[in-house]
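Novice:
4 protein chains.
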Amino acid sequence: MKIGRQEHHSSAISTSNEATILVRGHDLARELIGTISFTEHLWLLVTGTLPSPAQRRLLDATLVAIAEHGLVPSVQAARLTLAAAPEALQGAVAAGILGCGSVVLGSAEAAGRFLAEVAARAGGSGALDTVATEVVRSYRAAGRPIPGYGHPLHKGGDPRAQRLLELAAELGVAGQHVAIARTAERLLPQLTGRELALNVSGAIPAVLLDAGYPLLALKGVPLLARTASLVAHLLEEQQRPIGFLMSNAASRAIDYDGEAPPGFKPSEEA
Amino acid sequence: MKIGRQEHHSSAISTSNEATILVRGHDLARELIGTISFTEHLWLLVTGTLPSPAQRRLLDATLVAIAEHGLVPSVQAARLTLAAAPEALQGAVAAGILGCGSVVLGSAEAAGRFLAEVAARAGGSGALDTVATEVVRSYRAAGRPIPGYGHPLHKGGDPRAQRLLELAAELGVAGQHVAIARTAERLLPQLTGRELALNVSGAIPAVLLDAGYPLLALKGVPLLARTASLVAHLLEEQQRPIGFLMSNAASRAIDYDGEAPPGFKPSEEA
Amino acid sequence: MKIGRQEHHSSAISTSNEATILVRGHDLARELIGTISFTEHLWLLVTGTLPSPAQRRLLDATLVAIAEHGLVPSVQAARLTLAAAPEALQGAVAAGILGCGSVVLGSAEAAGRFLAEVAARAGGSGALDTVATEVVRSYRAAGRPIPGYGHPLHKGGDPRAQRLLELAAELGVAGQHVAIARTAERLLPQLTGRELALNVSGAIPAVLLDAGYPLLALKGVPLLARTASLVAHLLEEQQRPIGFLMSNAASRAIDYDGEAPPGFKPSEEA
Amino acid sequence: MKIGRQEHHSSAISTSNEATILVRGHDLARELIGTISFTEHLWLLVTGTLPSPAQRRLLDATLVAIAEHGLVPSVQAARLTLAAAPEALQGAVAAGILGCGSVVLGSAEAAGRFLAEVAARAGGSGALDTVATEVVRSYRAAGRPIPGYGHPLHKGGDPRAQRLLELAAELGVAGQHVAIARTAERLLPQLTGRELALNVSGAIPAVLLDAGYPLLALKGVPLLARTASLVAHLLEEQQRPIGFLMSNAASRAIDYDGEAPPGFKPSEEA
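Residue numbers (this note's numbering), protein chains in the order written: chain A, 372 to 641; chain B, 372 to 641; chain C, 372 to 641; chain D, 372 to 641.
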């Protein structure tokens, strides 16, 4: 059945024939393989052009920053899934990626929308304090958290965020979005009553939007970065499995408070 | 309930405290972000040590080689999924990754097992022709295809495979696994009666195993590479949607041959 | 690291010991297996109590209604995925389920929220026309479609929706949510300028909310129903594969409009 | 590009026009909705014909049996994923389904292949002991576990398996596959040196293959059943969240044994 109305019927990313694969107009085998890095290739795929050295270094830095942070929920989901279904590594990676959501790991995109909204409203006016205050208040009026601030472990400041902002400054890329990120960090204690330092998911869009990376592809950064981490964890899970150990510990932490016949004794491990 | 017997209860990839995140023993914010590339980070995550320049270049080359090849099934699944569920980019990426299987895209791992089996049986003997012939015959006796050879479009040879092998030679990394890949390519016509050139999924394990990348993480290369391509396609899908157009074309290509009441006329679009 | 603040640390669904599995307080093996239907079990799992005959019949009817509608995007994604990765049926089912989103198939939940908002604002007042008009206008002011109305194929009315509403009336269950669904259908032409008949995703929450099924589990109905359909399609894909045929047709429908060297001729199949 | 050679280009499950949806030749709205149960619909979708009462009762029983068993890995993965990505219930369900693999939950299909192999080799001979012994020995020679036997919690026998076999006998459906399942259970202690009672994943194929359900759709039973359980758990997760609590408990159970600078103190929660 015909669903939706779609006017375009073309794609501009790649085409091929028997001898040649073109990617964004470049001959993949003769021009790209062995010549550019994977990060340059990502920039090319997403934007259609190769990055400048500063753009490449910032994209590398954000991918390195968000890839790995221990046994977080997405990694646990992937390792549990591989333990249960070792025949399909791709399934375990997919399970991990599905945890890249609005609450954990995936908030870089939401933070990018926040920064972009302040930037759009401020225009070239420079009145960042006023505009940022308005936007923060509109989020709070709608009951929405301010994305990109606060961290359950790194309460005094997320070291990854600080390093990314430093790097953007070193490379001469820091611009309006970084300024907005810093402005909001300064204003938040008085607007929300809480100290909320910029976190890695706030710093990533700040530096990448200033570098010219597209807003609608921001979520790809944590998604791709975490996939690298999942590959490492799933190799370790094959060699030194902990999936079922984590599952047993998780289930022991939760009680059963539903109905049961008098005298029913749950198994200790259940 | 207690599932499985697992002796280890530790992980060696990452740990952290409020001020510092350690990844493979390195201070993430102070030593890695802004210093190493994402590809170097992947090698570090997977193996525990930073790569040599040649290792890094080969890993970059394989990731660039396998990332993108147009509107293949995994990309279509992802774009269809985003069209139906635009609220969850991670779901569309996961749907694409699930198509990285044993038949399409994911055969680098199977090809790696083939090369590793020949290498293990040959030892240092150098009798690659004899051993490769034996292993090919054992695959065929079991009804298994030889993974890493043949391509539906690039019948005269996969230009990505040729480039990867050239690069491994240039970098001085080409060793026994590349030799086995070439040996099998030479032997296959007489053993199978078909011309089957080495494809990209055969070349990736050949060069990476020679470079010291672990066999059990080989599938991570197409998985990670394709994720980069999916990010680009899903950006394009947001800006110039074709998901439903592809779906309509696909359903029009298939007839209904089940039961129907006399005179029933299916919708043309159904 | 500690993420989130969660006060509860218990679950009320199931517990077990070596001899017995309890589900919602019932002995699974001795009381439920062989005694109740799967649909009754679903109601028990979700609500904690067994359904009345009318509740069971309505839940059965909604699951039957939404399970299958041919080669729709979710089914295509699943069949493409199985063709590429036949080693993991669960991966193909997951790929199909990921297309149960806000645009296609998953809109029963959004429609339920619409009906529940009108019901909550109307209270017992009976002023459904006034309140429904207000809520429709608020959706339109926010640029949101009215979920549960209109269908690309069934323009004169979705036969599944009509049957579900009839059945709710026959069973004496039709109440305020059904009344709201009908009211909105009557008002929409004047409020939107378009004839938009109630569709299956609007009828499902109308009848289930009137039957006492919880709003926050509504999306489970299309998800579970479509899983049944996916099992059938994936059996057919194993026996009479069409995955790659659909993929080829889909890619042929899309042109390449990116850069290419002068004279480059794409493969006809690319 | 053209992948694979596929001769069929039709599907026999469903077709439609503006007024009517046909499913397996039946008018969905006029003949099926409100008339048949969801379990009957599943049988119809999968096999093309409506089930007998005994077939329906056995399929209901197997779905009820395997749906729910507490906070097992697939449920944990789904609840973790919803906690991280509450915007996409379908993503959390997909993450849970991906854990329906060869080791946990998904072994009904493997057990079905085992039973079917013994049945095929035995033919009508009735020499089940001899043939089952041969097949068990061939599995063990290949290092494969015998699927469908043993359970980490229900060591004295899985109460669900016993109930399913009783029910098949009551309904007069128990035939050769049930006989093989019982034969293998009797032989396993001497062939393997371990007491391994038939578990639910062994009983499901035994009773369903005897009832005429297709082998290649067996995995659909745990997949569909677990989806019902996931819907219930994800409703509870929305109302009484435990996802992050489980994640914290799981990560606390695992030590870090990689490199660290002298004196580095991990966070207690990390």
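No residue lacks a Cβ here, since even glycine has one placed at the ideal position from N, Cα and C.
#1: Could you work out which residue in Arg534(A), Ile625(A), Arg611(A) and Ala582(A) is closest to Pro424(A) when comparing CA atoms only?
#2: When we look at the beta-carbon of Arg591(A) and count the other beta-carbons within 10 Å, is it buried (16 or more) or exposed?
#3: Residues of chain D with a CB under 8 angstroms from the CB of Pro645(C): which are they?
#4: Quick check: is the beta carbon of Gly634(B) nearer than 7 angstroms to any beta carbon in chain D?
#5: Which same chain residues, not among the five before or five after Leu476(A), have their C-beta less than 8 angstroms away from its C-beta?
#6: Contact between the stretch 502-516 of chain C and the stretch 496-504 of chain D is defined here as three or more beta-carbon pairs at a separation below 8 angstroms; is this criterion met?
#7: List the residues of chain A whose Cβ lies closer than 8 angstroms to the Cβ of Gly472(B), in chain order.
#8: So with CB distances below 8 angstroms, who are the chain D contacts of Val386(B)?
#9: Chain B beta carbons: is any one of them nearer than 7 angstroms to that of Thr452(C)?
#10: Taking a cut of 7 angstroms between CB atoms, which residues from the stretch 512-545 of chain C lie near chain B?
#11: With 8 angstroms as the limit, tell me which residues of the stretch 588-617 of chain C have their beta carbon closer than that to any beta carbon of chain B; keep them in chain order.
#12: List, in order along the chain, the chain D residues whose C-beta lies closer than 9 angstroms to that of His380(B)?
#13: Would a check of beta-carbon distances place Val475(D) closer than 7 angstroms to chain A?
#14: Beta-carbon of Leu434(A) versus every beta-carbon of chain B: anything under 7 angstroms?
#15: Quick one: what's got a C-beta closer than 8 angstroms to Ala550(B)'s C-beta in the same chain, skipping five residues either side?
#16: Would DSSP call Gly573(C) helix, strand or coil?
#17: Alpha carbon to alpha carbon, how far is Gln426(B) from Gly543(B)? Give it in angstroms, no decimals.
#18: Taking only runs of the alpha helix (DSSP H) that begin and end inside the stretch 580-628 of chain A, which ones reach a length of at least 4 residues, in chain order?
#19: Specify the secondary structure class of Asp500(B) as computed by DSSP and reduced to three states.
#20: How about Gly564(C): is its C-beta nearer than 7 angstroms to some C-beta of chain A?
#21: Hey, quick one: how far does the beta strand (DSSP E) through Ile392(D) stretch, first residue to last?
#22: Between the Cα of Pro576(C) and those of Ala465(C), His440(C) and Ala552(C), spot the shortest distance and give me the residue it belongs to.
#23: Expressed to the nearest angstrom, what Euclidean distance is found between the alpha-carbon atoms of Ser382(C) and Leu453(A)?
#24: Please return the same chain residues whose Cβ sits closer than 7 angstroms to the Cβ of Ala400(B), not counting the five positions on each side in sequence.
#25: Where do the N-terminal and C-terminal ends of the alpha helix (DSSP H) with Ser478(B) fall, by residue?
#26: So does the stretch 523-543 of chain A actually touch the stretch 394-414 of chain A, counting three or more Cβ pairs closer than 8 angstroms?
#27: Between the beta-carbon of Ser385(C) and the beta-carbon of Gly419(D), is there less than 7 angstroms?
#28: On the three-state DSSP scale, how would you describe Ser381(B)?
#29: 7 angstroms is my cut-off, CB to CB: does Gly573(A) come that close to chain C?
#30: At what residues does the alpha helix (DSSP H) containing Ser409(B) begin and finish?
#31: Can Val653(C) and Phe409(D) be called in contact, C-beta distance under 7 angstroms?
#32: What does DSSP give as the partner residues of Thr386(C) in its beta bridges?
#33: Check whether the Cβ of Ser509(B) lies closer than 7 angstroms to any Cβ atom in chain A.
#34: When the Cα of Val489(D) is compared with those of Gln461(D), His548(D) and Glu608(D), which residue comes out closest?
#35: Identify every run of the alpha helix (DSSP H) within the stretch 445-479 of chain B, keeping only runs that are complete inside it and at least 4 residues long; order them along the chain.
#36: Is the Cβ of Met372(B) closer than 7 angstroms to any Cβ of chain D?
Specialist: In brief:
#1: Ala582(A)
#2: One point to set straight first is that residue 591(A) is Gly, not Arg, in the sequence displayed. Buried, by the Cβ-count rule.
#3: Because chain C spans 372 through 641 in this model, residue 645(C) falls outside it and cannot be assessed.
#4: no
#5: Ile437, Val443, Ser445, Gly470, Ser572, Pro593 and Arg597
#6: no
#7: Ala459 and Gln461
#8: Note on identity: in this sequence residue 386(B) is Thr, with Val being the wrong assignment. Ordered by position in chain D, the residues that pass the 8 angstroms Cβ test against Thr386(B) are Tyr627, Gly629, Ala631, Phe635, Pro637 and Ala641.
#9: yes
#10: Leu524
#11: Ile613, Gly614, Phe615, Leu616 and Met617
#12: Ala624, Ile625 and Asp626
#13: yes
#14: yes
#15: Leu499
#16: helix
#17: 10 angstroms
#18: 591-610 and 614-623
#19: helix
#20: no
#21: Ile392 to Val394
#22: Ala552(C)
#23: 25 angstroms
#24: Ile392
#25: Ser478 to Ala493
#26: no
#27: no
#28: strand
#29: no
#30: Note on identity: in this sequence residue 409(B) is Phe, with Ser being the wrong assignment. Looking at the DSSP string, the run of the alpha helix (DSSP H) that includes Phe409(B) is Phe409 to Thr418.
#31: Residue 653(C) lies beyond the stretch modelled for chain C, which goes from 372 to 641, so this question has no answer here.
#32: Leu393(C)
#33: no
#34: His548(D)
#35: 460-468
#36: Here the model assigns Met372(B) a pLDDT of 47, short of 50, so the residue's position is not dependable and the matter cannot be decided.
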